[in-house]
Each structure stands twice: as C-alpha cells, then as structure tokens.
C-alpha cells in the first residue's frame, strides 16, 4: 500500500518507460508513413481517433473498476480476518471454564496456545499468498503440531484442522458447552471462508483478453491520432501523440498495478503490516511480554 | 480460464474472422452505394456515426459489464464450494465421537466415505454444468448408493439427500449431538444453495435482445461511418471502416466469451481444475495414499 | 425468458412500430418547419443534438441498468426458492424420526404432504405474481387445508402458516427436536422473505418520471437532429432522423421489456418453467410415480 | 410512489418553473453580453460548452444513481419489514404452547396482543420517518404499555423493548423453549436493524456539495452555450439555451425528488400503503373481524 | 456532515484557491508560450484537449464514486453500531433472570453497568478513529476496569473483552442460559466486526496514484486547452482555461473531501452526533436521570 502522496518519479518512470519508448517509436513510424505515403493523397478524418477513443474509454473504465474491486475485496477479506482473529482470541480466552482435570496454569497454557496457533495460521496463509518461503509460522507451533502438518501441501488448511481437533477435545472434556462450541467453531468456518476467498483472488487470472486488447487499441489509436493531427501540426504530431499515448498507457498501468493485490509489490495489500497488527493485538490479549514492533513503511513511501 | 498473457493469434482470428469478413463486405457495399448514388447528391454528416457510436458505447459497456458479473459470480460460487468442502471435511473428520457400537476403523471408514461422497457430489455437479457424460462421480460412490440414485434425474441433488440421511443416522446413534448436527447440516444447505446458484447462471439465457441489437447497431454504424468518411478518403473508407468495425465486434466478442462461464470453453471457469483442487485437499485430509495430480494447463494457454 | 438467438422480426416490429411511425411523423414535421421557416434564416448548430445526446445517453444507461437489476434480482429470488425448496424437502424427508404414535406409512404420508403443501405454496405465489386465476395450487392441498385458507386474501402467506402449524405439532409430538426445528423453521422464514421480495418487485413501480422524460427527450432530440442535418442532406434528413430515433426508441423498449420481470410476457422470468422444475425435483424426492413433464418453449422462441 | 404513466403537466411545471425562468433570464443576459461586448471581438469556441457538458454528464449520472440507490434501499428496508412482520406473526401465533397456568383464550389474547403491539411499532416508526404527529400507533396499545413508553423520546424503540419483555416472560413461564426464543428474538433484532437503517437514510443528508455544484455548473454551461451558438443563430440562442438548460435542470430535479425517500411526498416510498398492507395481513392472521381497507391512490396518480 | 444547502463561499474558496491560482498561472504561461513560440508555426488541434477530457472524465467519475462508496460504507457501519447498541441494551436489560445470589438492585446495577461499559466502548472507538485524546470514555468505566485496560494499546478492543468476561460470569452464575448467551455474544461479535471495518476504512489509504494523476492530467489538459482556444479568442484563453480548470479541480476536491470519512472535518461522518444519539437512547433505556443534550450543528452549517 502506497502511503506517500508524492509519488517518486523513479517509480513512475520505471513502470512506464518501455511502453513510452514504444509509443514514441510507433508515432514516429506513423509520421514517416504520413510523410511519404499519405499527405498528398488524403487526410485522415478526426472521427477515426475519436471513435477509437470511445472504445478505449470503455476499456479504461472497465479495467480500472474491476482491478479496484479486486484490490478492495482483498482488503475487506483481510479486514474480516482481523476482526475474526480478535473474536477468536476473545472467546478462546474467556469462554472455557476450568474443570476438575484441567485448570489453573494448564488451562491458561491451552488457551494461549490456541491463540498462538491462530497466529501461525495467519503467517502460513500470508506466505502462501505472497509466494514466500520464510516459514515464519513455525515459531508459533509446537513440535507435535509441526510433525502432523509436515506432509500437507496446504499448511494453513492443516492448521485449521488442528484447531477443530482442539475444540472438539475441549467440548469432550467439558471445558466448553455446545453453545460455546457453536461460537468458536463458527469462527473457524469464517477463517476457512476468508482463506478460500484470498486464494480465489490470487488464483483467478483477470481475463487476459481485456489487458491484451487495451494495449492493442491504444496502439491503433496512436497511429490514427498521429495521422489525423499531422496535417495541422507537422512533425509535432509525434510529440503530441506520444504524450496522449503516455496518458492512456499510464491509466492502464495504474489499474494493472492493483489487479493482483496479494503480490509482494508496493501497490498490493500490506499483508506484512496487517498480520503484524493482528499478532500484536493477540499477544497483548494473552498478556505476552515480548510484543514485536509494528511494520515500518519503506522509505516513508509504502508498507508491505 | 486463459492463463497466458500472449493470446494466440489463431484464437483471435478463429473467433472473429467470419464477422470481420462480413464487416468488410458491408463496408465495400456501402462504398459502392456512395460511389454510384450519393457522392454527387449530398454528404453524410459525421454526427450520424457519432450518435450511433454513443448508442454502441452503451451496449459495449452494458454487455461486457453484465458478462463479467456472471463470470465473476460463477467463480465466487465455486470459491464458496471450495471453502465449504474443506469445512465439511474438517468437521466430518473431527466432530463425530466414538460410541459403544461404532468406533475405531468403523468410525474412520464412515467419516472417510462421507468425505468421498462429497467429492462425488462435486463431480456430478460439474458434469451437469458442463453437459458431459463421463460419470466420473461413480468411482467415489459405493454400490448401494449408486442403486439409490440410479433413477434420479438430478444426481447431485440426490447425493445431498444421501448425506442428510447419513447425518441423521449419526445423530440418532449419538455420534454427533444437536450442536454438531447444526454445523454439519448447515454445510449441506450451503452446498445446495451454491449448486442452485450454478444452475441459475447456467440456465438463465442472458437477454438475447442485447446481443442481437449490438450486432445490428454495429452494422448500421459501419454503413454510416463508411458513407461519412468516403468524401475525404475515397476507397480507403473501406479499410478504415473495416478496422473500426473489427474493433467493435472484437469487444463484443470478448464479452460474449465469458457470458456463459460454465461452458467447456477456454475462457470459462476452470471447473476441472477447481474440482481437482478440492479432491486433492479432501483426500489429503483423510490421509488417502493415492492423490491425483493437479490439472495441467493446455498448451500453457488455458486451464479447463 | 427468450431463448432463441434469432429474434423474430414480427416481435421487434410489433413492439416498436407505433413509436417508429410517430418518430417518422415528427421528423417530417420538423423538416417541413425547416423548409418553410428556418432555412433562409439560420442554421441549427450541431452542438444542440450532441448535447441532447449526452442527456439521452445517461437515460439510456440508467433505465436499462436498473431494469436489468430488477430482472436479475427477480431471477435470483426464484433461484433461492429453488434451492430452499430442495433443502426443505431434503430435511422434511430425512429429519423426522418415528415415534411410538407416528411411524411407518403414517410418518411417510405426513412428510409427503409437507412437501406437497410446499408445491402448493409455490403455485399460489406464482399465480399471485402473474395475476392469473388458475388455482392450480389447489390440487396439492387436502380439503381441510383448503377450508382454512378459503377466506384469506393472501393464499401463499396462509399456506406458510399451515407449514408452521405442522412443524410445531411435529416438535410437540417428538418427531423432531429443537435443533431440527431450527433448521426447518429457518427455511419457512426464507420462503417468507423471498415471497416478500417478489411482491416488492411486482408492486414497486419503477419511477415513471424516468420513462416519461426519456420519451420526451428522444422526441426533442429528433427535432433538433432533423433541423441540424437538413442543411447538408435535404429531405434525406427525415430518413436519417427516423433511423436514429428508431435506435433510441428500441434501446428504451428493450429495457422497458424487462423492468417488470413477473409479468406474463416472453421477456419475463419463466415462472412456469421454474415452478415446474421444483415440482419435478420435489416429487422425485418423495418417490412420486406420476411426474409431470418439464415446460416446453413456445415456438422454440421463449419459455414462460 | 407515482403510479400513473401519464405524469400531470402541472406536477412537472410546479417543480421546475422557477428554475426555468432563472435559466431564461441567464440566457437572455448572456445574449445581451454577447451582443454588446463580444460579437465583434471574438467567437466563443464550442469546445467550452462541450467540456462543461462532460463535467455535467458526470454530475447527472452520479446524483441520479445515488438518489435511486437511496430510494431503492429504502424500499428494500420496508420490504424486509413486511416479510419479518409476517414471520413474527406466524411464529407468535403458532409457536407458544399452552401451559397449566396460561391456556385457552388467555393464551390467544396474549398472542394477539403481541401481534397488535407490532402493528403499533410500525405506525410509530412510520410517523417518526414521516415527521407526522397522528399518534395512530396508540390505538393498538393497551394503557399500561402507553404509560411505560410515555416519556421515551424514541417510541418505536421503546415498543421493541416491550416485545422483548413479553418474550422473556413467555420463556420464563414455559410457553416457548430456548429454540423458539431464538427464532422470535431474532425477528426483534431484525426489526431493530431495519428501523435503524430507515433512520440512517432519513438522517443522512446527501452531500450537499453535489447538489450545489450541479446547479452552479448548469448555470456556467448555459452561459457558455448561449455565447457559443449566438454567432450562428442570433437571438434564437436564448430559446435553444433555455430548452437545453431546462433539460438539465429537469434531470437534476428528477433525481432530487427521490433522494429523501421517507419524506411525505408523492415520489417517496408509500409508507402509508405498506404499513396498511402489513396491518391487513397481520389482522387477518389473528382472525380479526374488522379489517381496514387498503390505501387508495390519490387522483389515480400516486400513493403515499 | 454538511447540513446546510447554502454552502458558504468562504468554505469553497478556502479549499480551492491555491489550486485556482496555480491553474491561472499555468494558463498564463501556456498563453505566453503560444504567443512567442507557437502562433506563427502551427495550430493546436482541438482533438487533443477533447481526448484528454475523456481520460479526465474517467478519473472524475472513478475518484468520486469510490470516495462516496467509502463515505457511505462508513455511515452504514456506524448505522449498524446504532442498531446493535440498542439490541445489546434491550437484551442486557430484559434477558438476565434473578438468581438466589444476584437479584433486585444488584442485578439492576450489573445490567446498567453492562450498558454503560458499552457507551465507553463507543467513545473509545470514536476517539481512536478521530485521533483525539479526550478520554471521554473513562467516565463510563469503573476503576477496576480502567486498571485492567490501562496498558492496552487498543482500548476499544480491551473493553469488548471485559464485556465477554461479564457475559461468561452471567452464564456461569445462571443469570442467562445458553440461548441467551448466543444472542448476547453474537452482538459482541458484531461490535468487533464493525469496529474492524471502521479501522479498515481509516487505515487504508485510497490508492494515491489516482489522486496524483488526476492532478497531473488536469494540468496537462489546461495547457492543451489554452493552446487550442488561443487562436480564436486571444488572451481571453487564460480566463476560459482558468474557469474550466477550476471546474475540474473543484469536482476533484469534492470527492477528496469525503474519501477519509472518519477525519474530524465538516464533510466527514458525524461521529460526535451519532455517538451522542446512542448514548441518549441507551441512558433512557436504563432510566438514567441525567441525559446529555444532542450535539448541535456548528453555525447551522455542519455537525461533527
């Protein structure tokens, strides 16, 4: 998530210079064609770039709107994970009652570990979405749990199963009753739902045809535009067409930079920051002594 | 779901060449009319193609937006099926408790079959939506279940009934209590809902009038456009009008290719891939030994 | 729901010919005014029809988008009725347990009738939405129930009350416990909700001002357009203006044909077909012998 | 809710004539300025009204879309109130069982009053939203209840509290068990939610800046338009500009007339009609003898 | 929330004068460039500002639509908090039953404090969203609770934990049963959800690229516009371009003023007013004697 309001020029240039060069080259070639083959034969009517502009306007709006919807839905999903994580911790800490067999510090340890295992779930999910291999989640799991999930391909799903096993044993041992079970198991179902929604956004490629044709139509538009204004402004058509082409490519690039919101890029959803926020909240709730610091922005420019 | 960012030229051409030829023919005829009947009498004002372009812009936006909404809703429905399938398996595996009569490997077998029967449900639903007759679902059902659903016209619905029967018998036998019953039966209701939503999208024809008139207005636009630019550019009007017509037909074609997202086409929802993903997840959860491989993309171009 | 992709010319003409004649007349009158009063005094600037076109573009988009939303919401509501009907039947058939007093074929008959009474509910609701008086629902009700609802103005609501009475008696007699009651009563609440949503769409008139002004502005646009192109194209302005007017009226007509989706019209929601589909599903689930045939399309053109 | 398709001219004129006069005056002044100060110095380029038209098109769409969303959400909220009211009555009538202490006509009276108190809730809410002081709700409340809520500033909220008290006493006295309590209390929570949603729409002023600037930009547009067409059409610019200005003001006025849907205006939500419909439904359900007549339209033009 | 329909000129000027001056300067410089370098060489074709206007129209719509969505979602969240707060109070007051140990005024005090602690939660949340440090919430908490949350970084979350502790003790002591626990704990989960949604909107920076490029493209548009109209209108191009630039900057400014709806600004969500409304409602429900007055508008212009 970009947090600065002054976007660094280097970031803009690095994302668009290739396209801009290509646009400038296309416009120059179009002008060359105009000069040698067209100028004495006919004049390109301006209705052609105008109509192509209509088609482009649709593509611009469509791509950006859908990209923003994906980005905002991704943010909402992780917002629900924040809320449900707190509800999970709150209920895990306060609902189970001491029994003859389990009480005092034993009970406290059980509760604390159910909270820590949830932090492990979040780290495992984050690493899966980001495609990293830090295995940070391991530090919140005890060895016996690590052994159980060792061979699972989907670590975060496996951790949820461990939580359900725990919950069932609490119910069997009388730490929680049926009503409390409903509340706690409901949260696990919600975690599973939001986890799946994240994977859906990550794994569904935005229809590539829209991206492909936007580029194609900008290219076509640029040629038509150069030919249409050349009779009035001569060689300056190259400059004007390049500027206009740059504008359209930039709008396209802005939308493209948020269409895959879980990628580890500055414009993506700040999963590191959100996960850390939940981690701090939950560790405070179980009165842990060593609380990690919040994630700092990079160069005061963005947070990951 | 198309996964390549370089769309193959053959795919584009194969989808649009008929229309493009028709467009070229229409434009040529229009130019012919212009040449013999119009040029010495009057000049077509450019406001006519411009106004028709406004009408087309609405149709372009409307058709594509609604098509994308259908496609994305279809993807969401199968995302919910992924999530609920995991929740079903997790709860089926961990909630039932051993009783005097049913315990040990008997209990394990019962749980495993409840998971496998769910995979059969997904395959039956997929085949119904895709209109295929592979009957892959049969390999996950035992003979007695196959006999029961033999005469049902709606196999996937019949399998859900089998699951409810199973659940009721678990409750009667004391394997699960009322609260656990609520959680498990709730998931069956969700399967039934998402199944019905899939059928709704499959069975509801997108209002054909929108498709029909879009084509008609592009055709009208093409004629008006050819006549309007012919006085300036002569016979080249045919070329320009064909290019512009191609652009509009292509945009229309893109939207049309995702409006029926459950069809077995490269641009549809990858039901094969999603079903296999759930299958792998669920078989891992019941510690099955032979896990099938994920679905591979075709030509690195798309997944079904 | 129109299912053919080749819309019959007669359908199009029958819906728009009156408007088209009126448009042609208006354009002719405008040309007459141009010829006798305007041509030697001033020239209508083309910015006037262009700006009016902007206003119309908004109306076109707005009316069609909202009409489609009503149509699609109506379809979703009946999709939920499909899903919940299956869930109702599945739970009604499998959840109640035999007791000392009620068991065997008595129990089966009770269950079957609870399913049939639900089919009666759907028929009663459909007839209310369509405004027909076939009273088809009566064939699924026994005489004592018919007597109870005889004087009710809202038959479908009265049938839901009968279902709740039934459910309560099952609970009192121990056929179902509290948890099963929750599941079954929850479905009745859902039926009541979707029934009310259908009535909301049926009874809420889409703000008539939008319809009224769209027609008015098309008329104004047509006059301005005729006057603006007449200096260039002479009497042909009448033809061009009529074509453009036809285009706008047609778009308006398309939206208008789906704004009241429960009307018994070819473009509406196919309530006959959906009700029959549920009927078949439910009768199969209770192993009824005589299953009615699905609803056939009319002329291969549409289903009601 | 306006129900007629032929909107009365007087309604249109009465809503817009002030603005139209102001527009005509502005256009006349602009023409005066053109005549004395501009015509021999320069010509206003038509790109200026065109660009301002783009800005206006956005405002037109935005205001109308958001106004319609508020109107439709208001209608949906009262649709939910219809549905939940029927569910409340159905459950209140059929769920409570006779006990040793409370049975027969005592029980019937208790149930009937729980339904009537709900009608009182709806009337109290309606009066609050409409800002009327009829206190119609009082006729459905007994004196002891009236005494309790006498000093409350929020009558409808206070009536909901009475319903919860009643429900709790039913539960304590064994008329309903925990499951039935869940169902009935769930409906009260829904009433509270929809009541709050109604108040949210009523109390949230649509951002006044949008309204303010729309008017301002129409005014600016009118001046630019008059100056731009005057060189071609002379004094007739005043007429054309006034017509165009009327069109834009009318569109703005249409949206404005539904932005506050609970106001007692013909274009608002017909709360009188909806409340009466629920009243009739509920009184029929408790077999009341004297059922009031439905609300009639005013002049066959609108229902309140 | 601005409540006046006559926006004060000072408010408008104070928000836009810097930009307007900058626009005027840019336009003057452009005219200078036109005069010395361009006028005898070529004429800027008007298609260039027109096409840039298309790009701007997209940005205008996109920024304003998303900003309004954030603002309206924020309002909805606090609407849910209003509704759930009333439901919390209603259930807290009426559901707990007296037991042998806790009854009479003890019970009343417990209930009242559970309501007051909820008011403290709302004040703590409001202060966090607004970034103020008034610590008004403290006046509704007893000392022992203040001690517990002293070191928590997230006060409002800590208060919710206190509520769950209270609820659990009520359940253990038999004041409420499992069903009542479900209802009450469900509301706490809802508070946690809405609290998290508020934080999501507050903490998620609207993609800064959209803001940044809108400004950039308005600047580019202004230059192109000045150069394009200068040949026709001479030095007056500066005036016209400044007016048009002002219009676009103003639209941008309007959207920008509601994109962060929880900021303590006049255009934000009136958290002070909403919190006070809930406070009054809840204190009335527990029959408190001293009820604070509603929040008054500032200058009859806006409420905070």
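Residue numbers (the UniProt record's numbering), protein chains in the order written: chain A, 1 to 304; chain B, 1 to 304; chain C, 1 to 304; chain D, 1 to 304; chain E, 1 to 304.
Where is the CB? At the ideal position from N, CA and C, for every residue including glycine.
As the structure is a prediction and not an experimental result, all values here were calculated from the model.
> Going along the stretch 197–216 of chain E in order, which residues come within less than 8 Å of chain A, judged by CB to CB distance?
Replying inline: 197, 199, 200, 204, 205, 207, 208, 209, 210, 211, 212 and 213
>> Give me, in chain order, the residues of the same chain whose beta-carbon lies closer than 8 Å to that of residue 3(C); leave out the 5 immediate sequence neighbours on both sides.
In response: Reading the third chain from its first residue, position 3 is the one you call residue 3(C). 297, 300, 301, 302 and 303.
> Is the shortest distance between the beta-carbon of residue 33(D) and the beta-carbons of chain C less than 8 Å?
Replying inline: Here residue 33(D) is taken as the residue at index 33 of the fourth chain, counted from 1. Chain C, which has no Cβ nearer than 8 Å to the Cβ of residue 33(D), makes this no.
> For the candidate residues 41(E), 207(E), 35(E) and 13(E), whose alpha-carbon lies nearest to that of residue 5(A)?
Replying inline: Here the question's residue 5(A) lines up with position 5 in the first chain. Minimum Cα distance to residue 5(A) is reached at 207(E).
> With burial defined as no fewer than 16 other Cβ atoms inside 10 Å of the residue's Cβ, what is the status of residue 30(D): buried or exposed?
Replying inline: Counting from 1 along the fourth chain, the entry for residue 30(D) is found at position 30. Buried: at least 16 other Cβ atoms inside 10 Å.
> So which residues on chain B does residue 172(A) lean against when the C-beta distance must stay under 8 Å?
Replying inline: Sequence index remark: in the first chain, residue 172(A) carries index 172 (1-based). Within chain B, the residues near residue 172(A) are 97.
> What are the residues that DSSP puts in a beta bridge with residue 60(A)?
Replying inline: Numbered from its first residue, the first chain carries residue 60(A) at position 60. In the DSSP output, where bridge partners are listed per residue, residue 60(A) has none listed.
>> Need the endpoints of the alpha helix (DSSP H) that residue 256(A) sits in, please.
In response: Taking the first chain and counting its residues from 1, the one referred to as residue 256(A) is at position 256. Run containing residue 256(A): 236–256, per the alpha helix (DSSP H) assignment.
> Where does residue 305(E) sit, in a helix, a strand or coil, going by DSSP?
Replying inline: What the structure shows of chain E is the stretch from 1 to 304, and residue 305(E) is not part of that stretch, so it cannot be assessed.
> When burial is assigned at 16 or more other CB atoms within 10 Å of the CB, is residue 166(E) buried or exposed?
Replying inline: Walking along the fifth chain from the start, residue 166(E) turns up at place 166. When all chains shown are included, residue 166(E) counts as buried.
> Can you tell which of 145(D), 68(D) and 96(D) has the C-alpha that lies nearest to the C-alpha of residue 305(D)?
Replying inline: An answer regarding residue 305(D) cannot be provided, because it is not within the stretch 1 to 304 covered by chain D.
> Do residue 178(D) and residue 79(E) have their C-beta atoms closer together than 8 Å?
Replying inline: Working through the fourth chain from its first residue, we reach residue 178(D) at position 178. Working through the fifth chain from its first residue, we reach residue 79(E) at position 79. No, the pair does not count as a contact, with Cβ atoms beyond the cut-off.
>> Run through the DSSP bridge pairs and tell me what residue 302(C) is partnered with.
In response: The residue given as residue 302(C) occupies position 302 in the third chain. DSSP lists 2(C) and 298(C) as the bridge partner or partners of residue 302(C).
> What span of residues does the alpha helix (DSSP H) with residue 287(D) cover, start to end?
Replying inline: What you label residue 287(D) is simply residue 287 of the fourth chain in a count that begins at 1. Here residue 287(D) belongs to no alpha helix (DSSP H), and DSSP marks it neither H nor E.
>> Against chain A, with Cβ distances strictly below 8 Å, would residue 44(B) count as a contact?
In response: For the purposes of this step, residue 44(B) is taken as the residue at position 44 of the second chain. No, residue 44(B) does not count as interfacial toward chain A.
>> Among the candidates 49(E), 33(E), 63(E) and 84(E), whose CA atom is the shortest distance from the CA of residue 188(D)?
In response: On the fourth chain, residue 188(D) is found 188 positions in, with the first residue counted as 1. It is 84(E) whose Cα lies nearest to the Cα of residue 188(D).
>> Counting only Cβ pairs nearer than 7 Å, list the residues of chain G close to residue 82(B).
In response: Absent from the structure is chain G; the protein chains it does hold are A, B, C, D and E.
> Is the beta carbon of residue 140(D) less than 8 Å from the beta carbon of residue 275(D)?
Replying inline: Numbered from 1 along the fourth chain, position 140 holds the residue referred to as residue 140(D). Numbered from 1 along the fourth chain, position 275 holds the residue referred to as residue 275(D). Taking 8 Å as the Cβ cut-off, residue 140(D) and residue 275(D) do not qualify as a contacting pair.
> Beta carbon of residue 59(D), beta carbon of residue 214(D): below 8 Å?
Replying inline: Walking along the fourth chain from the start, residue 59(D) turns up at place 59. Walking along the fourth chain from the start, residue 214(D) turns up at place 214. Yes.
> residue 23(E): buried (16+ other C-beta within 10 angstroms of its C-beta) or exposed?
Replying inline: Taking the first residue of the fifth chain as position 1, residue 23(E) is located at position 23. The residue is buried, with at least 16 neighbouring Cβ atoms inside 10 Å.
> Any Cβ of chain E within less than 8 Å of the Cβ of residue 1(A)?
Replying inline: Locating residue 1(A) in the first chain gives position 1, where the first residue counts as 1. Yes, because at least one Cβ of chain E sits closer than 8 Å to the Cβ of residue 1(A).
>> Given this structure, state the Cα-to-Cα distance separating residue 50(C) from residue 56(C), to the nearest angstrom.
In response: Within the third chain, residue 50(C) is the residue found at index 50, counting from 1. Within the third chain, residue 56(C) is the residue found at index 56, counting from 1. Distance between the alpha carbons of residue 50(C) and residue 56(C): 10 Å.
> For residue 232(C), which option in 194(B), 202(B), 90(B) and 45(B) has the closest C-alpha, if you only look at C-alpha atoms?
Replying inline: Residue numbering aside, residue 232(C) sits at position 232 when the third chain is read from its first letter. Comparing C-alpha distances from residue 232(C) to each of 194(B), 202(B), 90(B) and 45(B) shows the shortest one belongs to 45(B).
> Using 8 Å as the threshold, is the stretch 92–101 of chain C in touch with the stretch 86–98 of chain B, meaning 3 or more CB pairs across them?
Replying inline: no
> Curious, which full-length alpha helix (DSSP H) runs of at least 4 residues does the stretch 39–123 of chain B contain?
Replying inline: 47–94
> Alpha carbon to alpha carbon, what distance is there between residue 223(B) and residue 20(B)?
Replying inline: Against the second chain, residue 20(B) aligns to sequence position 20. Against the second chain, residue 223(B) aligns to sequence position 223. Going by C-alpha positions, residue 20(B) is about 14 Å away from residue 223(B).
>> Please classify residue 53(B) as buried or exposed, where buried requires at least 16 neighbouring CB atoms within 10 angstroms.
In response: Reading the second chain from its first residue, position 53 is the one you call residue 53(B). So residue 53(B) counts as buried.
> Going along the stretch 176–194 of chain C in order, which residues come within less than 9 Å of chain B, judged by CB to CB distance?
Replying inline: 177, 178, 179, 180, 182, 183, 186 and 187
>> Mapping the DSSP letters down to three states, classify residue 178(C) as helix, strand or coil.
In response: Sequence index remark: in the third chain, residue 178(C) carries index 178 (1-based). If DSSP states are grouped into helix, strand and coil, residue 178(C) belongs with the helices.
> Relative to the C-alpha of residue 170(E), which residue among 279(E), 96(E) and 40(E) is closest?
Replying inline: Within the fifth chain, the letter at position 170 stands for residue 170(E). Among 279(E), 96(E) and 40(E), the Cα nearest to that of residue 170(E) belongs to 96(E).
> If you run the structure through DSSP and keep just helix, strand and coil, what is residue 150(E)?
Replying inline: Translated into the one-based positions of the fifth chain, residue 150(E) becomes position 150. Residue state, collapsed to three classes: coil.
> Given 8 Å as the limit, is there contact between the stretch 240–254 of chain E and the stretch 27–41 of chain A, that is, 3 or more CB pairs closer than that?
Replying inline: no
> What does residue 240(C) touch in chain B if you count any residue whose Cβ is under 7 Å from its own?
Replying inline: In the third chain, the residue the question calls residue 240(C) occupies position 240. Those are 48, listed as they occur along chain B.
> Taking only beta-carbon atoms, is residue 161(D) less than 8 Å away from chain E?
Replying inline: Here residue 161(D) corresponds to residue number 161 of the fourth chain, with the count starting at 1. Chain E contact via Cβ: present.
> Is the CB of residue 24(E) under 8 Å away from at least one CB in chain D?
Replying inline: Working through the fifth chain from its first residue, we reach residue 24(E) at position 24. With 8 Å as the cut-off, residue 24(E) does not count as an interface residue toward chain D.
> What are the boundary residues of the alpha helix (DSSP H) that residue 393(B) is part of?
Replying inline: The structure shown does not extend to residue 393(B), since chain B is modelled only from 1 to 304, so the question has no answer here.
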